[in-house]
Structure formats: C-alpha cells, structure tokens
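A.B. asks: Those letters in the sequence shown? Residues 20 to 140, per my numbering, in order. Cβ coordinates follow ideal geometry from the N, Cα and C atoms, glycine included.
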Amino acid sequence: VRRSLDRCHNATSSLGDVEPSPSSNATTTTTIFWSTIGVSQNPNAQKKHMTRGFNDEIRNWFAEVSPRNMRLIDWGRQIFPRSFGTDRIVGDLKPHWGLEARLLFAQMLTHDVRIAFGHDV
Numbered sequence: 020v021r022r023s024l025d026r027c028h029n030a031t032s033s034l035g036d037v038e039p040s041p042s043s044n045a046t047t048t049t050t051i052f053w054s055t056i057g058v059s060q061n062p063n064a065q066k067k068h069m070t071r072g073f074n075d076e077i078r079n080w081f082a083e084v085s086p087r088n089m090r091l092i093d094w095g096r097q098i099f100p101r102s103f104g105t106d107r108i109v110g111d112l113k114p115h116w117g118l119e120a121r122l123l124f125a126q127m128l129t130h131d132v133r134i135a136f137g138h139d140v
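1) What does S54 pair with, by DSSP beta-bridge criteria?
2) To the nearest angstrom, how far is the alpha carbon of N79 from that of G72?
3) Please state the DSSP three-state secondary structure of V20.
4) Could you please give me the residues that DSSP links to W116 through a beta bridge?
5) In angstroms with no decimal places, state the Cα-to-Cα distance between H130 and A82.
6) Apart from the five residues on each side of it in sequence, which residues of its chain come closer than 6 Å, Cβ to Cβ, to V58?
7) Can F52 and I77 be called in contact, C-beta distance under 8 Å?
8) Could you pull the start and end residues of the alpha helix (DSSP H) that N74 belongs to?
9) Quick check on this structure: which residue in R121, I134, K113 has the alpha carbon closest to the alpha carbon of N61?
10) State yes or no: is the C-beta of I51 nearer than 7 Å to some heavy atom of the ligand GDP?
11) Under 8 Å Cβ to Cβ from W94, same chain only, skipping five residues before and after it: list those, please.
12) Could you have a look at Q60 and say whether DSSP puts it in helix, strand or coil?
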C-alpha cells in the first residue's frame with residue numbers, strides 16, 4: 020500500500036508541470052476536472068485504505084497548490100456514505116456503481132463546469 024501511495028504522491032508532484040507558472044505570460048483555455056474515486060465494495064481493508072489514501076493525497080495537493088486550470092470533483096467524499104453494505108448504490112456488476120451514483124457524478128461535474136466557465140448556478 021505504501022508503495023502505491025508513494026506513486027500517487029509522485030504523480031501529484033508532477034501535476035505542477037501542467038499548471039502555467041504565475042511568472043510566465045502563458046495562458047490556457049484548458050481546464051482539467053479531476054475526480055476522486057469511490058471506495059470498492061471489496062471487503063479487503065488494504066484496498067479501502069489505498070483508495071482513501073489516493074483521495075486524501077489528491078485533496079491535499081489541490082489544497083496546497085490551488086491550480087488555476089484544474090478543478091477537483093470530490094465524488095469519492097460524497098459517495099462514501101453510500102459505499103457499504105445495504106446502503107451501497109449497487110450497479111449491474113459488483114464493481115459498478117448504480118444509476119443514482121452515476122447521476123450524482125454527472126450533476127457534480129455539470130455544476131463544476133458551470134462554475135469554472137462563469138455561468139450562474
């Protein structure tokens with residue numbers, strides 16, 4: 020798990036290369052929307068810990084860097100209460116999320132796109 024989280028940390032460290040330097044005159048019209056992931060239904064505690072670690076790592080990166088051309092959609096945090104046991108929003112296959120979870124993600128993405136491009140919400 021630690022090795023996987025280290026790889027995640029290394030990947031988030033390199034995300035700064037995507038962000039134009041404030042000292043440069045570069046501008047970008049590209050906006051990247053990053054989504055956290057939901058916890059697996061797999062009872063393996065190690066996988067749950069790793070998923071939560073990945074999500075925490077990216078949340079921390081966004082909080083520290085506050086990138087201008089990137090937005091975080093924290094779907095993993097919103098879906099967490101509906102991720103386990105009888106509360107889980109199940110889909111057609113065990114690893115798939117159900118319709119309500121997919122609609123939640125679509126709503127969150129649409130909302131953030133509207134905010135990112137200056138539309139009233």
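C.D. replies: Result, derived from the coordinates:
1) I92
2) 10 Å
3) Caution applies to V20, whose pLDDT of 47 falls short of 50 and renders its modelled position unreliable; the value that the coordinates give is listed next. Residue state, collapsed to three classes: coil.
4) V109
5) 20 Å
6) K67, T70, S102
7) no
8) 64-84
9) K113
10) With respect to small molecules bound, the structure shown includes none, and the ligand GDP cannot be examined in it.
11) S54, T55, I56, G57, L123, F124, M127
12) coil
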